[in-house]
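The structure appears right after this line, and notes come after that.
Number of protein chains: 2
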Amino acid sequence: MTAPAEITADRLDLREKEMVNTDWFNEELDIRTKKTDEIVCRFLPEEEGYARRVIEAMNYSVLAGGKRLRPLLIRETAIMYGANPSLYEPFMAALEMIHTYSLVHDDLPAMDNDEYRRGRKTTWNVYGEGMAVIAGDGLLNYAFETALGVLKACEECADPAVSFSRVSRALYVLARNAGIYGMVGGQCADIQTQLHPQQTDEEELLYIHSHKTAAMIESGFTIGAILGGAPQEDIDSLAVIAGNVGLAFQIRDDILDVTGTQQDLGKSIGKDAEEGKITYVSLHGLEGAGEKVRELTDEALVLLEKLPLKDRFLPMLLQSMTGRNK
Amino acid sequence: MTAPAEITADRLDLREKEMVNTDWFNEELDIRTKKTDEIVCRFLPEEEGYARRVIEAMNYSVLAGGKRLRPLLIRETAIMYGANPSLYEPFMAALEMIHTYSLVHDDLPAMDNDEYRRGRKTTWNVYGEGMAVIAGDGLLNYAFETALGVLKACEECADPAVSFSRVSRALYVLARNAGIYGMVGGQCADIQTQLHPQQTDEEELLYIHSHKTAAMIESGFTIGAILGGAPQEDIDSLAVIAGNVGLAFQIRDDILDVTGTQQDLGKSIGKDAEEGKITYVSLHGLEGAGEKVRELTDEALVLLEKLPLKDRFLPMLLQSMTGRNK
Chain A
1 MTAPAEITAD
11 RLDLREKEMV
21 NTDWFNEELD
31 IRTKKTDEIV
41 CRFLPEEEGY
51 ARRVIEAMNY
61 SVLAGGKRLR
71 PLLIRETAIM
81 YGANPSLYEP
91 FMAALEMIHT
101 YSLVHDDLPA
111 MDNDEYRRGR
121 KTTWNVYGEG
131 MAVIAGDGLL
141 NYAFETALGV
151 LKACEECADP
161 AVSFSRVSRA
171 LYVLARNAGI
181 YGMVGGQCAD
191 IQTQLHPQQT
201 DEEELLYIHS
211 HKTAAMIESG
221 FTIGAILGGA
231 PQEDIDSLAV
241 IAGNVGLAFQ
251 IRDDILDVTG
261 TQQDLGKSIG
271 KDAEEGKITY
281 VSLHGLEGAG
291 EKVRELTDEA
301 LVLLEKLPLK
311 DRFLPMLLQS
321 MTGRNK
Chain B
327 MTAPAEITAD
337 RLDLREKEMV
347 NTDWFNEELD
357 IRTKKTDEIV
367 CRFLPEEEGY
377 ARRVIEAMNY
387 SVLAGGKRLR
397 PLLIRETAIM
407 YGANPSLYEP
417 FMAALEMIHT
427 YSLVHDDLPA
437 MDNDEYRRGR
447 KTTWNVYGEG
457 MAVIAGDGLL
467 NYAFETALGV
477 LKACEECADP
487 AVSFSRVSRA
497 LYVLARNAGI
507 YGMVGGQCAD
517 IQTQLHPQQT
527 DEEELLYIHS
537 HKTAAMIESG
547 FTIGAILGGA
557 PQEDIDSLAV
567 IAGNVGLAFQ
577 IRDDILDVTG
587 TQQDLGKSIG
597 KDAEEGKITY
607 VSLHGLEGAG
617 EKVRELTDEA
627 LVLLEKLPLK
637 DRFLPMLLQS
647 MTGRNK
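Residue numbers (this note's numbering), protein chains in the order written: chain A, 1 to 326; chain B, 327 to 652.
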């Protein structure tokens, strides 16, 4: 997993060059996030009829305003490989709906029992527990309804057989990464380790990170490329990049739980140690954890540079994801 | 909605003839239900890895042993139109998984708070609430993973373009009938009316029945036909039949809540009246409700007779669904 020394040196040069581009990146991030948000919202269902209440709860949850990172990644990679917006935009909305449903259910009293998220009342706290359960179900289901709509759009494409094949594959990636072999699997292991924190080993910890977090990031990195007909080699690279970023992102989270301030993070810190939770930091120390984040980031950057990047946005986004201080 | 007199008379003749076939029907029902059960179980995920616990909870829920009515209907109509088993069998499993997830979430303390179902502990009661929430999520997601696998099988079919088109349509029907425009929508209205039982009118009551119950029965009646390339007219008839059966099934349930015995039904009776719930019986009386069930059943039977039935199984199944005494 360690990148050779010369590659690391190259990367360091690159990093210095990009320091001056920070303003450009921040501006672009803002523009592209807004565009992503606009696309996601376009696919939300109308709040009408006898099911109005559950649709309101679903839309309330999606509109709580996340970073829209996963759909943003779909759009970036889709544009990189020239995918058709009529194919990838519904997938952007679908992935964000799946991410949102997982938060709605995670926040339930039977799960993490969170009353607030990003300073806003959680869905169950506004609509009641029962409605929050079916709002999550409704979002997961509507994600598939939305993405499946793309199969119909294929019939209008220049080469329907090619489009069908790509869309089928993208649908399958979307589904698999969200289920028991992806996010739900990671949540299961996470619930189990919370019950028996002392029995968790590094293998299980890495399983949780790679499934609970990285699987959905992998959908973000690969679906756009699949829809754009990227070479298999590139799709494989994007999956490795996503795995590294997802893991680095989580280890960084563990580090911040020790070094961050409550004010910076907007959440209580030191919670992991208090709960006797095994984390990458408790296993390898702050320095070891920091080194791992750098290694994972470097390897991902090296792979990313080999892809047909349109500009410096993706490498900078990747660094901001793993090197974030909040 | 009333069938003309001569058709009703025909139907009565038919009904008499079929009385002698009851043994045959019961035997066939047993054989075909077992076959359906075997197919559904073949698609259940292996209980292994770090996600083992949630997979156990999912399989426990599916194996609780329902009537397998919805997948049975898919198989019957698929055979009627000569669909390929590699196309329709995964849909049978998927539809049963969706039906099962809805029961798992319905039973949660935050919803109906049921500790037992069919004499067996409910999923949350065995695995805990958090695990039951994600087991339901896992089932819904795995239903789509399972059904989406069929898109791959299309590539091996004699005419991939035709298969893709039918499977796409079946996938969309599966998704839509389960979501906010189907079952989840019905559940939402049902939760709302439980909060305000006196404000429910007949229109809303019919909405709940046609969405919470009939939508999933519609998937059962139409998906097999769609996959077999049935004429649009037949698919439309099957949707009407499903709507009638679903509604008749629910009204019959309301009737039994008044006339049935606890022992027959295996659940507490008189619950609706106690809770001040508006039902078809409270609106139209026992006689009016019984007449409605007969009307709906007759109309469905007339439509069914026009389809290319292989034997008398489906008409008898339909009557057993609406005329059941438990």
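Ideal Cβ positions, reconstructed from N, Cα and C, are used throughout, including at glycine.
Does the CB of residue i have a neighbour CB from chain A at under 9 Å?
| i | result |
| --- | --- |
| isoleucine 452 of chain B | Strictly speaking, residue 452 of chain B in this sequence is valine, with isoleucine absent from that position. False, the Cβ-Cβ gap to chain A never drops below 9 Å. |
| isoleucine 506 of chain B | yes |
| isoleucine 517 of chain B | yes |
| leucine 497 of chain B | yes |
| glutamine 513 of chain B | yes |
| serine 494 of chain B | yes |
| glycine 462 of chain B | yes |
| isoleucine 333 of chain B | The predicted position of isoleucine 333 of chain B is uncertain, since its pLDDT is 49 and thus under 50; a value taken from the coordinates is nonetheless stated next. Chain A, which has no Cβ nearer than 9 Å to the Cβ of isoleucine 333 of chain B, makes this no. |
| methionine 457 of chain B | yes |
Under 9 Å between C-beta atoms, does residue i make it to chain B?
| i | result |
| --- | --- |
| arginine 52 of chain A | yes |
| cysteine 154 of chain A | yes |
| phenylalanine 331 of chain A | Beyond the ends of chain A as shown, which are 1 and 326, falls residue 331 of chain A; an answer cannot be given. |
| valine 245 of chain A | no |
| asparagine 141 of chain A | yes |
| aspartate 254 of chain A | no |
| cysteine 157 of chain A | no |
| proline 160 of chain A | yes |
| leucine 148 of chain A | yes |
| glutamate 258 of chain A | Just to set this straight, residue 258 of chain A is valine in the shown sequence, not glutamate. Not an interface residue. |
| phenylalanine 221 of chain A | no |
| leucine 227 of chain A | no |
Figure out for me which residue from the options has the closest Cα to the Cα of residue i.
| i | options | result |
| --- | --- | --- |
| valine 162 of chain A | B:His610, B:Arg401 and B:Lys478 | B:Lys478 |
| valine 628 of chain B | B:Leu553, B:Gly616, B:Met542 and B:Gln645 | B:Gln645 |
| valine 571 of chain B | B:Gly554, B:Thr539, B:Asp580 and B:Val584 | B:Thr539 |
| alanine 515 of chain B | A:Glu48, A:Ala215 and A:Thr33 | A:Glu48 |
| leucine 622 of chain B | B:Tyr606, B:Asp580 and B:Ala574 | B:Ala574 |
| glutamate 471 of chain B | A:Met131, A:Ser168, A:Asp159 and A:Gly128 | A:Ser168 |
| isoleucine 549 of chain B | B:Gly456, B:Gln525, B:Leu389 and B:Tyr498 | B:Tyr498 |
| leucine 524 of chain B | B:Ile506, B:Ala484, B:Ala473 and B:Lys603 | According to the sequence as given, residue 524 of chain B is glutamine; it is not leucine. Among B:Ile506, B:Ala484, B:Ala473 and B:Lys603, the Cα nearest to that of glutamine 524 of chain B belongs to B:Lys603. |
| valine 281 of chain A | A:Gln232, A:Glu305, A:Asp114 and A:Leu256 | A:Leu256 |
| arginine 492 of chain B | B:Tyr427, B:Leu429 and B:Asn410 | B:Asn410 |
| leucine 329 of chain A | B:Arg502, B:Ser563 and B:Asp624 | No answer is possible for residue 329 of chain A: the residues shown for chain A start at 1 and end at 326. |
| cysteine 480 of chain B | B:Asp579, B:Glu631, B:Leu553 and B:Glu625 | B:Leu553 |
| threonine 359 of chain B | B:Val388, B:Lys393, B:Ala469 and B:Asn385 | B:Lys393 |
| phenylalanine 639 of chain B | B:Val366, B:Ser536 and B:Glu402 | B:Glu402 |
| valine 366 of chain B | B:Asn385, B:Glu529 and B:Trp350 | B:Asn385 |
| isoleucine 424 of chain B | B:Phe351, B:Tyr533, B:Gln558 and B:Ala461 | B:Ala461 |
| aspartate 272 of chain A | A:Glu287, A:Ile235, A:Glu305 and A:Thr193 | A:Thr193 |
| alanine 484 of chain B | B:Leu531, B:Asp624 and B:Ser412 | B:Ser412 |
| glutamate 722 of chain B | B:Asp580, B:Gly512, B:Lys447 and B:Ala615 | Lying outside 327 to 652, the shown extent of chain B, residue 722 of chain B is not represented and no answer is given. |
| leucine 355 of chain B | B:Ala377, B:Leu399, B:Leu531 and B:Glu455 | B:Leu399 |
| lysine 361 of chain B | B:Leu395, B:Asp349 and B:Ala390 | B:Leu395 |
| glutamate 455 of chain B | A:Glu115, A:Asn125 and A:His105 | A:His105 |
Looking at residue i: is its Cβ nearer than 9 Å to the Cβ of residue j?
| i | j | result |
| --- | --- | --- |
| alanine 556 of chain B | tyrosine 414 of chain B | no |
| aspartate 438 of chain B | threonine 449 of chain B | no |
| valine 293 of chain A | threonine 259 of chain A | no |
| methionine 509 of chain B | alanine 458 of chain B | no |
| phenylalanine 43 of chain A | alanine 93 of chain A | yes |
| leucine 195 of chain A | phenylalanine 221 of chain A | no |
| alanine 57 of chain A | glycine 119 of chain A | no |
| leucine 327 of chain A | serine 210 of chain A | With chain A running from 1 to 326 in the structure shown, residue 327 of chain A is simply not present. |
| proline 71 of chain A | tyrosine 142 of chain A | no |
| tyrosine 427 of chain B | arginine 379 of chain B | no |
| leucine 95 of chain A | serine 61 of chain A | no |
Along the region 199-212 of chain A, what residues have a CB closer than 9 Å to any CB found in chain B?
Of all residues in the region 199-212 of chain A, only Glu203, Glu204, Tyr207, Ile208 and His211 come within less than 9 Å of chain B when Cβ atoms are compared, listed by chain position.
Inside the region 482-567 of chain B only - alpha helix (DSSP H) runs reaching at least 4 residues:
Counting only runs of 4 or more, we get 486-504, 509-521, 528-534 and 541-553.
In chain order, which continuous runs of the alpha helix (DSSP H) of length 4 or greater are located wholly inside the region 79-145 of chain A?
Scanning the region 79-145 of chain A from its first residue to its last, the whole alpha helix (DSSP H) runs of 4-plus residues come out as 85-106 and 123-127.
For the region 360-391 of chain B, list the beta strand (DSSP E) runs that are entirely contained and at least 3 residues long, ordered along the chain.
Considered as a whole, the region 360-391 of chain B harbours no complete run of any beta strand (DSSP E) with no fewer than 3 residues.
Can you list the alpha helix (DSSP H) stretches of 4 or more residues lying completely in the region 592-623 of chain B, in chain order?
Fully enclosed alpha helix (DSSP H) runs of 4 or longer: 597-600.
For the region 100-123 of chain A, which residues have a CB atom closer than 7 Å to at least one CB atom of chain B, in sequence order?
Of all residues in the region 100-123 of chain A, His105, Leu108, Ala110 and Met111 have a Cβ within less than 7 Å of some Cβ in chain B.
Using a Cβ-Cβ cutoff of 9 Å, what residues of the region 368-401 of chain B are near chain A? List them in chain order.
Legend: CB atoms of the region 368-401 of chain B lying less than 9 Å from CB atoms of chain A belong to residues Pro371, Gly375, Tyr376, Ala377, Arg378, Arg379, Val380, Ile381, Ala383 and Met384.
If you measure beta-carbon to beta-carbon, which residues of the region 297-321 of chain A are closer than 7 Å to chain B?
For the region 297-321 of chain A, which is checked against every Cβ of chain B, not one residue is closer than 7 Å.
Contact list for the region 593-622 of chain B against chain A, Cβ threshold 7 Å:
Taking 7 Å as the Cβ-Cβ cut-off against chain A, none of the residues of the region 593-622 of chain B qualify.
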